[in-house]
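For the sequence shown, the positions run 114 to 1127 when the numbering used here is used. Don't be surprised by glycine CBs; every beta carbon is placed ideally from N, CA and C. Bear in mind that the values here come from a model prediction, so they are computed numbers and not experimental data. This report refers to the structure that appears directly beneath it.
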Amino acid sequence: MKKQFLTNTGCGIVLLLSSLTLSPTYAESKDNQSVLDNQKKTIHGVVKDNTTVLIGAVIQIKGTDIATSTDLSGKYALQVSKGDTLLISYIGYKPKEITITSESVYNITLLQDQDVLDEVVINAGYYSVKDREKTGSIARVTAKDLELQPVINPLQAIQGRMAGVNITQNTGVPGGGFDIQIRGRNSLRPYQNNAINGNAPLYVIDGVVIPTSNLVNSPLSTSILPMSDTNILNSINPSDIESIEILKDADATAIYGSRGANGVVLITTKKNKSDNLSFSLSTSTSFSKVASKMKLLNTQQFNKMRDQAFINDGITTFPSDALDINGTWDRNRYTDWQKELIGGTAKNQSIQFGVSAGSETTHFSASANYNNQTTVFPTDKGYKRNTFLINVNHNSKDGRFQLNSSTNYSLQKNNLIATDLTKDALTLSPNAPSLYNADGSLNWSFIGGTNPISSMQETYHNDNNNLVLNLDLSYELLKNMYLKLNTGYNRSNTEEKKLTPHTIHNPAKGYTSEQSKAENTIRDNKSYILEPQLNYAFNLDKLSVNSLVGLTYQESNTGALYIVGSNFQTNDFISNISAAKTKTIMQSANLEYKYLAVFGRLNLNYNSKYLLNLTARRDGSSRFGDNNKFGNFAAVGAAWVFSKERFLKNSSWLSFGKLRASYGTSGNDNIGDYQYLDTYTLNLNNYNGITGLTPSRLYNPNFSWEKTKKLEAALEVALFNDRLQFELAYYRNRSSNQLVGIPLPGTTGFASIQDNLPATVENKGWEFSLNSENIKTRDFSWTTSFNISFPKNTLLSFPNLEGSTYADQFIVGKSTSVRKLYNFEGIDPLTGQYTFTDYNNDGKITSGFDRQNIQEIKTQYHGGIQNTFSYKNFSLDFLFQFVKQNTYNQNYALNTPGSIFNQPIEVLDSWSATNPNSQYGYFSSGYDPILLSKLSLFKNSNMSIGDASYIRLKNVSLSYVLKLPKAKINSARFYFQGHNLWTITNYFGLDPEFSAFGYLPPLKTYAFGVQLTF
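Structure representation (structure tokens):
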């Protein structure tokens, strides 16, 4: 039977091949099994190029299914008959044919083929295109990079690997969300303050568009997950992914019309291409911890600060809440609360089993994965995920009919404490008492009669089932004319529970189960998509024409229920909300979204030298009123492969060169449903048993899509037989018709009305990526990949901004993440007070006139550098991610230095008579109103934003492949992986990657595993 290999010359592919092909394999067609040929003999030899052996080269008897492949030494063996013709092939090399004679040894040398190297195909959504013939900007990461990282969400695996793609992990708690920016933020709707992220990209999984209703933030997880955010890709096992393509420019995204403005993320799962029956089993165990701790005051430093604070405040009789100094606590006790509350080790166990097989016309693969992860909090709660993937590919014997189906199903159970303990870990006094009494009960002698871990009895549960079905049919009506039908179904069911027993409160309050509360939400989304398409390709001499027309219809239905129950007879019933004596339905809704579009593409390719790509789409969306239900989007992309010109064609140093450019429009309808209608909400308070209605939204049939005009120009070059490849791109995206809620006067009875703002946001920048093959010998290879992006976000125009309610939020000519802050001038050396610039010289510091220090929360550049080394059966891969950025620092969340809360050690540089030129004002126990007022200004001054740049060892992977033919195991791959291992930064805070104060940062992970193939 036939064995196929898709490979490249990089050492990452060498590793992949070695896990699949460790010794020569034999396969024989069923037709030949019934006939014995006495003249059959075994031949053997080595396949190589001019420098080294080729691992995984395919040797096939032409006209049959009998084939084998070379092992790690480039050797092969095959049973043949005299007169047979062997076809030897390897991606990137010219195929070679030889005729079998009486010889037994056939050593074969293959020559690299530039034309074959050009055949690398990437997924562009509705069509595939050769990488070197694409006219748009498409970034790609393949399985070989995804498999090198111990991550739950595939977005973690592509951090730092793609130019123009900036990904931030929101939390170290499993099941949390990610902020992904593809060439910046186009919408004025801030990510943090909206139930729907207006800057989220479009996700497409195996051709199925995931509706934005599946991306709505979870309402009950605010205290454990930053911004109540999760991510749809949590439901996908990274090991099941073949590739991730991200579409960035107009040429690539315009065919997605009104949903492509923020970029498109295409997920393609693994599909089997081999006829052989194969099994795989892999297991890994990982251990994660908080990557770094903040340097806080120890007990001696803390006590000295507190003593000085009360002296400064002139207080000699200590108040009742000064527990550390009035004798309630042991002042000399010390607890490292970061170690106690967030210093645990999160353990992750992953097991995966896969099977694949095929025949001449049908191939299938199936895999199942189990993942169980705990947290660093002092609890055994955690996250569990089971994923199942089945892919079936069939084609008729004549090749005219093709069927591809994909089934991806996941079950996620996230059982967490309801409140993140990170804030307490950073602020509890170092001499605070033990969490437990001697008898094991909770100690309630903390501030306010509380206990920092009593909140752990309040739990958050999130159970999600996600099903993605895809069926893709294709039939060749006429020569090179294909009728296609892409269909998809997605169902996502999420049930959340937040259980708050009365036992989280001090027993002294006398609460009973009547004060216990349960909150349940159920969100069930069903979506299907139908996309009939007609594709026709033909050639006119040297001109190749490829055309595509299609229709999209998508319908999404969402049922939502939010119910709160309280007053339980006993806490034993708290998980059953029907047992609550008081029940309140906060929301009961059925949402419907319909989307209709017609699209087309015309691609002209003249002699693989001059390329023109035209795309257009007309969209209709139920999210807009009758006056603007439809919108038009189009793009043009062009490229010139100048390396094919006569004067460069035979160049010894230039392997490939291309100039490309694109311009077009795409849109954004990610605003939620029914925003244009005048709607009413049920009033929870009834009158005489009659339920009333409250107006909740004003009618506006005129607002329409946000539109983004995208411009790009790029240069792609490969040098020295493709050993050095780089790409330089400039882009400029301008987004207008901003969809926001325009604030209204309170007299209208409405806070805002949904409409288009006449504002324009520009995102522009430069992107550079480089790949090099530094060393390649028979046993050793070294490759490097590098990328860097320089994004710039600017509010270009906003008519009548100064007269609008957005005057304090935006500034024309600055980033959309601008902040107007007080200007900190320093500490008054005479008084120890914080001083600020009085811009209007009225003798007062006021918000309306003195917040004139302009700071921008922005990324100046970001990127990554990856190196891969391979020596025989060993492989080492590591990636450094780097980011130059400004964001909020710890001063923004600073507690009063001198209060009962612990502080960063930086506050030791406080004012005193002997330290008049200090960084912070004098210590106060919290009873100095003047200092408290000044400290509030300080926290909203330019001192609260600072440098958060970092260089991080994002990933390390070391593996060894062992051949075990006697044990009937093709390969055993043993590996060590690390994630977020080491960070260089001057950031004042817990972690520079994110600034969600009070939440757990991304974790440092070590993983060990083994993968068997047999």
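Query raised in the report: Over what stretch of residues does the alpha helix (DSSP H) that includes M418 continue unbroken?
Result: 412-426
Query raised in the report: Quick check: the stretch 1085-1097 against the stretch 1019-1030, are there 3 or more CB pairs under 8 Å?
Result: no
Query raised in the report: Between G1122, L1116, Y240, which lies nearest to A650 when the distance is taken from Cα to Cα?
Result: Of the listed residues, the one whose Cα sits closest to A650 is Y240.
Requested in this report: Compute the Euclidean distance between the alpha carbons of G780 and A276, then round it to the nearest angstrom.
Outcome: 22 Å
**Report entry** Complete runs of the beta strand (DSSP E) confined to the stretch 312-356 [at least 3 residues]
**Finding:** 315-318
Report task. Under 8 Å by Cβ, that's how I've got P351 and V264 pegged, so tell me the actual separation to the nearest angstrom. Result -> 6 Å
Query - Local conformation of A827 per DSSP, three classes - result: Strand.
Query raised in the report: How many angstroms separate the CA atom of L914 from the CA atom of T929?
Result: 13 Å
Query - Cβ neighbours of Q628 in the same chain (closer than 6 Å, five flanking residues each side left out) - result: H615, listed in sequence order.
Query raised in the report: Do three or more CB pairs link the stretch 736-752 to the stretch 680-691 at distances below 8 Å?
Result: no
Query raised in the report: Does DSSP classify L1125 as helix, strand or coil?
Result: For L1125, the three-state secondary structure derived from DSSP is strand.
Query raised in the report: Per the contact definition of three or more C-beta pairs closer than 8 Å, is the stretch 919-933 in contact with the stretch 950-958?
Result: no
Requested in this report: Please check the pair A702 and G678, which I expect to be a contact at CB under 8 Å, by giving their CB distance rounded to whole angstroms.
Outcome: That belief does not hold up - the Cβ atoms of A702 and G678 are roughly 19 Å apart, past 8 Å.
**Report entry** Contact the stretch 1002-1015 vs the stretch 1097-1117: 3+ CB pairs below 8 Å
**Finding:** yes
Requested in this report: Put M101 into one of helix, strand or coil per three-state DSSP.
Outcome: Any question about residue 101 goes unanswered here, given that the chain covers just 114 to 1127.
Query raised in the report: Any idea if E453 is buried or exposed, counting beta-carbon neighbours within 10 angstroms, 16 or more meaning buried?
Result: Burial call: buried.
Query raised in the report: With 16 other CB atoms within 10 Å as the buried threshold, where does F681 fall?
Result: buried
Report task. Could you check if E880 is buried or exposed, using at least 16 other CB atoms within 10 Å of its CB as the buried criterion? Result -> buried
Query - Own chain partners of Y675 with C-beta closer than 6 Å, once the 5 adjacent residues on each side are dropped - result: T634, M699, Q700
Query raised in the report: Name the DSSP bridge partner or partners of A729?
Result: G713, A747
**Report entry** Cβ-based burial, Y812 [other Cβ within 10 Å; buried from 16]
**Finding:** exposed
Query - For L1045, the first and last residue of its enclosing alpha helix (DSSP H) - result: 1042-1052
**Report entry** Where the beta strand (DSSP E) through S657 begins and ends
**Finding:** 656-679
Report task. Buried or exposed for Q1090, please, with buried defined as at least 16 other CB atoms from any protein chain shown within 10 angstroms of its CB. Result -> buried
Query raised in the report: Got a sec? Which residues, its chain only, sit under 8 Å from T429 by beta carbon, not counting five neighbours each side?
Result: F423
**Report entry** Sub-8 Å separation of T382 and S519 beta-carbons
**Finding:** yes
Query raised in the report: Which ranges would you report for the beta strand (DSSP E) in the stretch 525-612 if only whole runs of at least 3 residues count?
Result: The qualifying runs are 572-591.
Query raised in the report: Secondary structure at N1008, three-state DSSP: helix, strand or coil?
Result: coil
Requested in this report: Say yes only if the C-beta of L580 is nearer than 7 Å to one or more non-hydrogen atoms of the ligand FMN, and no if none qualify.
Outcome: Absent from the structure shown: the ligand FMN. Ligands present: none.
Query raised in the report: Between the C-alpha atoms of T792 and A365, what's the straight-line distance to the nearest angstrom?
Result: 37 Å
Query raised in the report: So the alpha helix (DSSP H) L960 belongs to, where does it begin and stop?
Result: The sequence shown places Ser at residue 960, rather than the Leu named in the question. 960-963 is the span of the alpha helix (DSSP H), which, as asked, contains S960.
Query raised in the report: What residue does the beta strand (DSSP E) around I1058 start on, and which one ends it?
Result: 1058-1060
Report task. Flag this pair as yes or no: are the beta carbons of L112 and M340 separated by less than 8 Å? Result -> Coverage of the chain is limited to positions 114 through 1127, which leaves residue 112 absent and any answer about it impossible.
Query raised in the report: Which term fits W766, buried or exposed, when burial requires 16 or more other beta carbons within 10 angstroms of its beta carbon?
Result: exposed
Requested in this report: Measure from the C-beta of V233 to each C-beta in chain B and report whether the shortest distance is under 8 Å.
Outcome: Reference to chain B is not applicable here, since this structure consists of a single protein chain.
Report task. Would you check if the distance between the CB atom of P1010 and the CB atom of F1036 is smaller than 8 Å? Result -> yes
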